[in-house]
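In what follows, a structure is listed as structure tokens, so that the remarks can point back to it.
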Amino acid sequence: MILVSRKSERSVAFATVKFVNFTVQCTLNWPRAALLQRPRVFVIINFMPIEKTEIVIGCEIHTQLLTKTKAFCACENRYGGMPDTRVCPVCLGLPGAMPRVSKGYVELGAVAGLALNCNIARFTKFDRKHYFYPDLAKGYQITQYDLPLCADGYVDLPFFHYPKDEQPGGEKFRPNNFKGEPCVSADKKYRRVRIERIHLEEDVGKSLHMEGKHSYIDYNRSGTPLIEIVTKPDMTSPEEAALFMQTVQEILRYVCVTKGNLEEGNMRCDANINLNVWEDGKLWHTPISEIKNLNSFKAIREACTYEAARQLEEFKTDRQEFNPGFKVTMGWDEAAGKTVVQRTKNSFVDYRFVVEPDIKPFSVEEELIERARSRVGELPEAKRTRFKAEFGLSDFDAETLTSTRELSLWFEEAAKNSKSAKRTANLILSELLAVLNEKNMTIGEVALTPAHIAELSNALEENKITSKQGKEVFAKMLSTNKMPSEIIKEEGMEQVSDTGLIEGLVDKVLAENPKAVQDFKAGKTNVVGWLMGQVMKLSQGKANPKQATELLNKKLAAF
Numbered sequence: 020m021i022l023v024s025r026k027s028e029r030s031v032a033f034a035t036v037k038f039v040n041f042t043v044q045c046t047l048n049w050p051r052a053a054l055l056q057r058p059r060v061f062v063i064i065n066f067m068p069i070e071k072t073e074i075v076i077g078c079e080i081h082t083q084l085l086t087k088t089k090a091f092c093a094c095e096n097r098y099g100g101m102p103d104t105r106v107c108p109v110c111l112g113l114p115g116a117m118p119r120v121s122k123g124y125v126e127l128g129a130v131a132g133l134a135l136n137c138n139i140a141r142f143t144k145f146d147r148k149h150y151f152y153p154d155l156a157k158g159y160q161i162t163q164y165d166l167p168l169c170a171d172g173y174v175d176l177p178f179f180h181y182p183k184d185e186q187p188g189g190e191k192f193r194p195n196n197f198k199g200e201p202c203v204s205a206d207k208k209y210r211r212v213r214i215e216r217i218h219l220e221e222d223v224g225k226s227l228h229m230e231g232k233h234s235y236i237d238y239n240r241s242g243t244p245l246i247e248i249v250t251k252p253d254m255t256s257p258e259e260a261a262l263f264m265q266t267v268q269e270i271l272r273y274v275c276v277t278k279g280n281l282e283e284g285n286m287r288c289d290a291n292i293n294l295n296v297w298e299d300g301k302l303w304h305t306p307i308s309e310i311k312n313l314n315s316f317k318a319i320r321e322a323c324t325y326e327a328a329r330q331l332e333e334f335k336t337d338r339q340e341f342n343p344g345f346k347v348t349m350g351w352d353e354a355a356g357k358t359v360v361q362r363t364k365n366s367f368v369d370y371r372f373v374v375e376p377d378i379k380p381f382s383v384e385e386e387l388i389e390r391a392r393s394r395v396g397e398l399p400e401a402k403r404t405r406f407k408a409e410f411g412l413s414d415f416d417a418e419t420l421t422s423t424r425e426l427s428l429w430f431e432e433a434a435k436n437s438k439s440a441k442r443t444a445n446l447i448l449s450e451l452l453a454v455l456n457e458k459n460m461t462i463g464e465v466a467l468t469p470a471h472i473a474e475l476s477n478a479l480e481e482n483k484i485t486s487k488q489g490k491e492v493f494a495k496m497l498s499t500n501k502m503p504s505e506i507i508k509e510e511g512m513e514q515v516s517d518t519g520l521i522e523g524l525v526d527k528v529l530a531e532n533p534k535a536v537q538d539f540k541a542g543k544t545n546v547v548g549w550l551m552g553q554v555m556k557l558s559q560g561k562a563n564p565k566q567a568t569e570l571l572n573k574k575l576a577a578f
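When we follow our numbering, the leftmost residue of the sequence shown carries the number 20, and every step to the right adds one.
Below is the structure:
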């Protein structure tokens, strides 16, 4: 309940207006002068309770492509290095410099589009997007406006990663998108996020804000080839937006179009967020905020969470009308943990799009599209499904082993040469990845080959060595790069599986330890483990544990 005195100008909420002798319900929208005519008027506003809120998020993901040169010139496309050393008149926007489109740039854009299930345009063009910023050397950005290279795609997100209450059957499960279309797969394992478009554009320079009074600009990044992935507003939580970004990163790394390194700025996300609010049976839409340059999954989650809460508080006090062409551009202050207003813009007016006059519209050849299609190959989710069916892996194991294309191919080669794919997977997950994580290495940097792991897996599967010896062999493989069979032979580790020989060892242990036998006969079954230890000690750890245990139990039962 809010008390509004005669100094208030207006309120846009329903209210009960109480005068001295009567009561009337109305919508307040009075000018100041009208209130001043009745100095004893007080207004008591009873805001209707908010029935439900819903977060609406759409993402714009900027991704640098792995071309050898920049988008429209021959300068090397590479991260880092001495500032302002990989520039030319074209990427600096000097007068008279003419841009040229790289065929490899267009092809990589098509690869990304096909990997994200888009249609590829057979005819497209470039446009100029005008705005001022110090790191934009030309005063405009070459991009694509109304004829993007890719359109109408989608990404399917596994419900495996969603909270239980958002999965099918949960309280927050949502079977349709905001357009009212079904967005859940027939088997109820995936939720679909639609991609509106993917267009080509160039990156800008990098502003460096150092200590002191000056900022600096490194134009090495200026002209770097980008794609911008624009989604429909299909996401309903900060966690889902982060999952989408993570899934796109994984897919684009798989098809080798980007490094996808968020820390280096290879990928950046602009999150567009607003709320649907139901109050007194009426649906309100809060104004859209665009949170710029989010460069980590954590930043996406935290920025969207904060902004949703901020917009709800703003709605409670100031019900601004939703305008589809109007956005508030926000920045994310990670240290303070809050969003900050940078500027407001009308996206249809501010940028003054015009056709790029220095680059002719062009056709995309079918040959280029088919070449791009052949580069896509098997994508992560399809590979996981196959690994679970072919190798009997769990969801977690399949998810981990397909986290990168290189790791999945490495595992698959090892699995195909081993007698137990599951054991091979366990060796990679528990031993190899632990070492890689500790040393901050990738699978491509390790000296071991799939043949090493396959041979070690087979030695364990065939009971040639114990699991404890397997760990020793693995450690020696890492340090020497020798094959397991060579290490097993050198160290004399190979298990004894000769039944007659093992039986002789068991008989000797029983003959030398009559008290333990008597204890067993008296019901003290724990001595079996001790006797088994004596057998292994006598064999110097080489006796097959399974066979030795069976023979020991058989002989003890006969007493």
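Every residue, glycine too, gets a C-beta built ideally from N, C-alpha and C.
The continuous beta strand (DSSP E) containing F345 extends over residues 345-352.
Counting only the Cα atoms, D184 lies some 14 Å from K207. Counting C-beta atoms within 10 angstroms of its own C-beta, R424 has 16 or more neighbours from the protein chains shown and is therefore classed as buried. Within its own chain, the residues whose Cβ lies closer than 8 Å to the Cβ of S486, once the five positions on either side in sequence are excluded, are L479, listed in chain order. When the five nearest sequence neighbours on each side are left out, the beta carbons in the same chain lying within less than 6 Å of the beta carbon of R394 are those of V130, in order along the chain. Using a C-beta cut-off of 8 Å, the segment 205-222 makes contact with the segment 152-166, since at least three inter-stretch Cβ pairs fall below that distance.
Contact annotation: L245 and D237 have beta-carbon atoms that are not nearer than 8 Å. About 5 Å separates the Cβ atoms of Y370 and K148, confirming a contact at the 8 Å cut-off. Here the alpha carbon of L575 sits roughly 24 Å from the alpha carbon of N482. Only exposed fits R362, as fewer than 16 other CB atoms lie within 10 angstroms of its CB.
Here V554 has L524, V525, V528, A562, A567, L571 as same chain residues with Cβ atoms under 7 Å from its own Cβ, once five neighbours each way along the sequence are excluded. Uninterrupted beta strand (DSSP E) stretches at least 3 residues long and entirely within the segment 348-402 occur at 357-365, given in chain order. Comparing C-alpha distances from D154 to each of G77, R442, S234 shows the shortest one belongs to S234. In terms of Cα proximity to E531, the closest of L520, A434, K364, L550 is L550.
By DSSP's assignment, R210 forms a beta bridge with L176, V203.
K407 and S413 have their alpha carbons spaced roughly 6 Å apart. Contact annotation, L446 with I472: C-beta distance approximately 5 Å; criterion of less than 8 Å satisfied. Within its own chain, the residues whose Cβ lies closer than 8 Å to the Cβ of G396, once the five positions on either side in sequence are excluded, are Y273, V274, listed in chain order. Checking the DSSP bridge columns, you'll see E282 has no partner listed. Taking 8 Å as the upper bound for CB-CB distance, E79 and D289 are in contact here, some 4 Å apart. Out of P187, M254, E126, K232, the CA that lies nearest to the CA of V212 is found in M254. When F334, N195, V276, Y181 are compared, the shortest CA-CA separation from F263 is found for Y181. In this structure Q330 is buried. Its beta-carbon is surrounded by 16 or more other beta-carbon atoms within 10 angstroms. If you look at G77, you'll find it in the beta strand (DSSP E) that goes 69-83. Looking at the DSSP output, S226 shares a beta bridge with I236. In this structure, M286 lies near Q268, with their beta-carbon atoms less than 8 Å apart.
If the five residues before and after D416 are omitted, its C-beta is found closer than 7 Å to the C-beta atoms of A444, L448, all from its own chain and listed in chain order.
Per DSSP, the beta-bridge partners of H149 are Y159. Proximity of the segment 109-121 to the segment 80-98 meets the contact definition, three or more beta-carbon pairs being nearer than 8 Å. For L135, no beta strand (DSSP E) run applies, since DSSP gives it neither H nor E. Comparing alpha carbon positions, the residue from N291, E230, P187 closest to G350 is N291.
In this structure I248 does not touch P399 by the C-beta definition: roughly 17 Å separates them, more than the 8 Å allowed.
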